[in-house]
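Protein chains: 2
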Amino acid sequence: MSKFGEEWTRGYRDMLIEAGSRALADCNLHGEEIDGIVVGTMAPGSLVGQEHIGALVADFMGLNPVPAIRVEAACASGGVALRQGYMAIASGMHDCVVVGGVEKMTDTPGEEVASALGGAGDQEWELFMGATFPAIYAMMARRHMLEYGTTEEQMASVAVKNHRNSSKNKYAHFQNEITMDTVMKSKYVATPLKLFDCAPITDGAAAVVLMPLEKAKKYVEQPIEIVASAQASDTLALHSRASMTSLRATQAAAKKAYETAKVTPKDIDVVEVHDCFTIAEIAAIEDLGFFKKGEGGKASLEGKTALNAEISVNTSGGLKGCGHPVGATGVKQAVEVVWQLRGKAEGRQVKDCEVGMTHNVGGSGATSVVHIMKRA
Amino acid sequence: MSKFGEEWTRGYRDMLIEAGSRALADCNLHGEEIDGIVVGTMAPGSLVGQEHIGALVADFMGLNPVPAIRVEAACASGGVALRQGYMAIASGMHDCVVVGGVEKMTDTPGEEVASALGGAGDQEWELFMGATFPAIYAMMARRHMLEYGTTEEQMASVAVKNHRNSSKNKYAHFQNEITMDTVMKSKYVATPLKLFDCAPITDGAAAVVLMPLEKAKKYVEQPIEIVASAQASDTLALHSRASMTSLRATQAAAKKAYETAKVTPKDIDVVEVHDCFTIAEIAAIEDLGFFKKGEGGKASLEGKTALNAEISVNTSGGLKGCGHPVGATGVKQAVEVVWQLRGKAEGRQVKDCEVGMTHNVGGSGATSVVHIMKRA
Chain A
1 MSKFGEEWTR GYRDMLIEAG SRALADCNLH GEEIDGIVVG TMAPGSLVGQ EHIGALVADF
61 MGLNPVPAIR VEAACASGGV ALRQGYMAIA SGMHDCVVVG GVEKMTDTPG EEVASALGGA
121 GDQEWELFMG ATFPAIYAMM ARRHMLEYGT TEEQMASVAV KNHRNSSKNK YAHFQNEITM
181 DTVMKSKYVA TPLKLFDCAP ITDGAAAVVL MPLEKAKKYV EQPIEIVASA QASDTLALHS
241 RASMTSLRAT QAAAKKAYET AKVTPKDIDV VEVHDCFTIA EIAAIEDLGF FKKGEGGKAS
301 LEGKTALNAE ISVNTSGGLK GCGHPVGATG VKQAVEVVWQ LRGKAEGRQV KDCEVGMTHN
361 VGGSGATSVV HIMKRA
Chain B
377 MSKFGEEWTR GYRDMLIEAG SRALADCNLH GEEIDGIVVG TMAPGSLVGQ EHIGALVADF
437 MGLNPVPAIR VEAACASGGV ALRQGYMAIA SGMHDCVVVG GVEKMTDTPG EEVASALGGA
497 GDQEWELFMG ATFPAIYAMM ARRHMLEYGT TEEQMASVAV KNHRNSSKNK YAHFQNEITM
557 DTVMKSKYVA TPLKLFDCAP ITDGAAAVVL MPLEKAKKYV EQPIEIVASA QASDTLALHS
617 RASMTSLRAT QAAAKKAYET AKVTPKDIDV VEVHDCFTIA EIAAIEDLGF FKKGEGGKAS
677 LEGKTALNAE ISVNTSGGLK GCGHPVGATG VKQAVEVVWQ LRGKAEGRQV KDCEVGMTHN
737 VGGSGATSVV HIMKRA
């Protein structure tokens, strides 16, 4: 990973190259062994005026003529990049693929960032009508409160827990803990969501290297195996869905992932979920099967999702604490799970960590990607 | 395919759904049998304010929760989408993938389109300095003229031939033939390239359905086999390359494709090449091995690339005649080759057509994708 944050002294290219170089160093890999590149990034055309990102990376990492592509699925761009990389290896057409994720967001005026992020939803039926992403997730929160009695305190506890984790992560955007009081007294962005319920606008990049397992064993002492890679879609617009409190795409992707990996939620030791807003983490830990529908808020406030509690959720700090450079997030989740499975998560290490999961969402849930990983 | 052209009465979504529905009808396929979607599109964020295109397509084709992604490699977005779809089948993770390509360009003011297309090149080192894509290809043309004596008449003959082909293609943007006189008397856009040396700004979409071969035989009488799918990269900026007259990425991708398919240029009966400018077709037929370097212009003027001549190049009309809705182009090339291999190319049918090739380029050559297809 590059250090996440408001990185005004570094550009889009610099961050990706930094993350990519670290990933290569981590597995003692020389560039000439790489035969494929996949980059997840959401809106570089709008945010930094550059498309053709696959070729950009191949060029600036000195990897021509390696085939390189960019994939996009809004905020799930990193997750789908990981899945495409996995597929490239599984197809037998590639033997060593670098998967990167990146977004450079703070060089762009706020309203333009909001407009670019709006591209994750249905522009014609949601954004054009005045909805923004905080407003869309606020509706999901309101409905969760109505149906299950979820409270603002429960949501606030998610932010507090995620900052506690990110304060122990030197790559995180926010390195400070916060209190319930700070969250509860912060201003409403879209009621009931307050400033501290929202993930920040962040710059950053992350990268991983994928190989067939037997090959990976030759490069690193602790290779991590992807035992399931699943993805599902749902309607682009929130108003078309049967439920506003469950993400059907997450449920479908999780079901497929559990079946493929032959594990259950009880087997998962660490999970990085997509907490673009605190309510999103609450819905996610329910949809992924860690808690019953409606009980995610209570579980969060009771500390069941804290480090080394019932299930360690977002040890990196999640999108809220570690930051959310959109296209980088899904890859960063994989980096965190790899560190946890290797026992290298420093002050935020999950004990006896054997099985990890990542959960990356696009828009308000139109794309969901779930990966399960194990120590090989 | 949707009908290519200036489609002011139809939106981005409409065109993709139209092409997708036709592809499904063509192979007697029901939606519930599809288990993956890949869409190639270059700049919908800049052009129509929408990202998250995979999810959009899954939603509007009624295919939720099928996993769906968007891939981008500038003007090669369609070609890389085809390759990702091929990889998805080869990985064993998918059994029936719809690959689409789309771009909606005419709803956007010209200068914004030029800026969006600029994202295909190196924004920091080329576009920001004042270069546009016609200017970049004009430099390649000037150098080709200097090194090999290529003439403006030779380039003009490419446009005349491609319009002759597109006049026989009911899906083409331009349905009219043009004369050498028309091209030679048209105004300079960037000397030596004139208006009729340039592919137009076009709206359109195209789609194909991919399955394992044995499965495909159950759905259609004439399945077409992809016998090679190859891609390569080169520097994003033209000035970083060893040659301005050859695309190294095209040469590398073609080499890999010929080796994989175990065929030579002599075996290819029909090829769709990336003629965003007439000089690009001349360089392509050289780089793909149909003519020696420097002889592409002469061969074109002598009619060797015409329908049923030495090698039938761009029977669809190519980007010049059929139109160039950027993300759709790479998929449209595959559609044309499928029609040719099935003997269904109507007035532009290549005789005894058994092996076909597609060649799709991103930017000024930073990405190149080559596919070879055969009758199964």
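Protein sequence lines, in the order shown, are assigned to chains A and B.
So the first sequence is numbered by this note's numbering: it starts at 1 and just counts up by one.
So the second sequence is numbered by this note's numbering: it starts at 377 and just counts up by one.
A virtual CB, placed ideally from N, CA and C, is assigned to each residue, including glycine.
Source: prediction; values computed, not measured.
Residue range of the unbroken alpha helix (DSSP H) whose run includes residue i
i                 : result
TYR547 of chain B : Segment: none, TYR547 of chain B is in no alpha helix (DSSP H) and carries neither H nor E.
THR278 of chain A : 278-287
ARG446 of chain B : Note, ARG446 of chain B: premise wrong, no alpha helix (DSSP H); beta strand (DSSP E) at 444-448.
ALA399 of chain B : 388-402
SER115 of chain A : 110-118
MET139 of chain A : 133-148
GLY670 of chain B : First-last for GLY670 of chain B: undefined, no H or E at that position.
VAL474 of chain B : Careful: VAL474 of chain B lies outside any alpha helix (DSSP H), inside the beta strand (DSSP E) at 473-479.
PRO44 of chain A  : 44-48
TRP339 of chain A : 326-341
ASP538 of chain B : The question names Asp, but residue 538 of chain B is Asn in the sequence shown. Unbroken alpha helix (DSSP H) run through ASN538 of chain B: 528-542.
GLU635 of chain B : 624-637
ARG459 of chain B : 453-466
VAL57 of chain A  : 53-60
LYS185 of chain A : It is not in any alpha helix (DSSP H) - LYS185 of chain A carries neither H nor E in the DSSP assignment.
LEU29 of chain A  : Premise fails: LEU29 of chain A is in no alpha helix (DSSP H) and is neither H nor E.
Neighbour-count burial assignment, residue i, 16 or more Cβ in a 10 Å radius
i                 : result
ALA457 of chain B : buried
ASN440 of chain B : buried
HIS700 of chain B : buried
ASN552 of chain B : exposed
ARG339 of chain A : Correcting the residue identity first, residue 339 of chain A is Trp in this sequence and not Arg. Under this definition TRP339 of chain A is a buried residue.
PHE504 of chain B : exposed
LEU522 of chain B : exposed
ASP352 of chain A : exposed
ASP395 of chain A : The question about residue 395 of chain A has no answer, for chain A in this structure spans 1 to 376.
ASP122 of chain A : buried
TYR547 of chain B : buried
TYR564 of chain B : exposed
GLU72 of chain A  : buried
ALA242 of chain A : exposed
LEU361 of chain B : With chain B running from 377 to 752 in the structure shown, residue 361 of chain B is simply not present.
GLU111 of chain A : exposed
THR179 of chain A : exposed
PRO44 of chain A  : buried
Chain A contact residues for residue i, given Cβ-Cβ distances below 7 Å
i                 : result
ALA444 of chain B : SER233
THR734 of chain B : Within chain A, no residue comes near THR734 of chain B; the closest Cβ sits about 15 Å away, beyond 7 Å.
LEU612 of chain B : HIS52, ALA55, LEU56, ASP59
SER422 of chain B : GLY45, SER46
ALA581 of chain B : Within 7 Å Cβ-Cβ: nothing; ALA581 of chain B doesn't reach chain A, min ~17 Å.
ALA628 of chain B : PRO65
Cross-chain neighbours of residue i in chain B, by beta carbon under 8 Å
i                : result
ALA74 of chain A : GLU427, HIS428, ALA431
THR9 of chain A  : Per Cβ cutoff of 8 Å: no residues; THR9 of chain A is ~16 Å from chain B at best.
Element boundaries [beta strand (DSSP E), containing residue i]
i                 : result
GLY36 of chain A  : 36-40
LYS750 of chain B : 743-751
VAL273 of chain A : Looking at the DSSP string, VAL273 of chain A is not in any beta strand (DSSP E), and its letter there is neither H nor E.
LEU210 of chain A : 204-210
ASN736 of chain B : 731-738
ILE602 of chain B : 600-609
VAL189 of chain A : 188-190
Within chain B, the residues that residue i reaches when beta carbons sit closer than 7 Å
i                 : result
VAL80 of chain A  : ILE445
MET42 of chain A  : GLU427
GLN412 of chain A : Only positions 1 to 376 of chain A appear in the structure, and residue 412 of chain A is not among them; the question remains open.
Chain A contact residues for residue i, given Cβ-Cβ distances below 8 Å
i                 : result
ARG349 of chain B : This structure cannot speak to residue 349 of chain B, because chain B is shown only from 377 to 752.
Anticipated Cβ contact below 8 Å, residue i with residue j, distance rounded
i                 : j                 : result
THR278 of chain A : MET155 of chain A : 4 Å
ILE224 of chain A : MET1 of chain A   : No, ILE224 of chain A and MET1 of chain A are not in contact; Cβ-Cβ is about 15 Å, not under 8 Å.
VAL97 of chain A  : GLY20 of chain A  : That pair is no contact at about 12 Å.
GLY54 of chain A  : ILE69 of chain A  : 4 Å
VAL271 of chain A : GLY356 of chain A : 7 Å
Proximal residues of chain A, C-beta to C-beta of residue i below 9 Å
i                 : result
GLN709 of chain B : Those do not exist, as GLN709 of chain B stays about 17 Å from chain A at its closest Cβ, beyond 9 Å.
Partner residues on chain B for residue i, Cβ-Cβ distance less than 9 Å
i                 : result
GLN154 of chain A : Ordered by position in chain B, no residue passes the 9 Å Cβ test against GLN154 of chain A, which lies about 28 Å from the chain.
Quick one, which residues of the region 88-100 of chain A are near chain B if we go by CB-CB under 9 Å, in chain order? Only those residues of the region 88-100 of chain A whose C-beta falls short of 9 Å from the nearest C-beta of chain B are listed: ALA88, ILE89, ALA90, SER91, GLY92, MET93, HIS94.
If you measure beta-carbon to beta-carbon, which residues of the region 483-515 of chain B are closer than 7 Å to chain A? Answer in chain order: ALA492, GLY495, ALA496, GLN499.
Mind listing which residues of the region 716-747 of chain B have their C-beta closer than 7 Å to chain A's C-betas, in chain order? Within the region 716-747 of chain B, those residues whose Cβ lies closer than 7 Å to any Cβ of chain A are, in chain order, GLY738, GLY739, ALA742, THR743.
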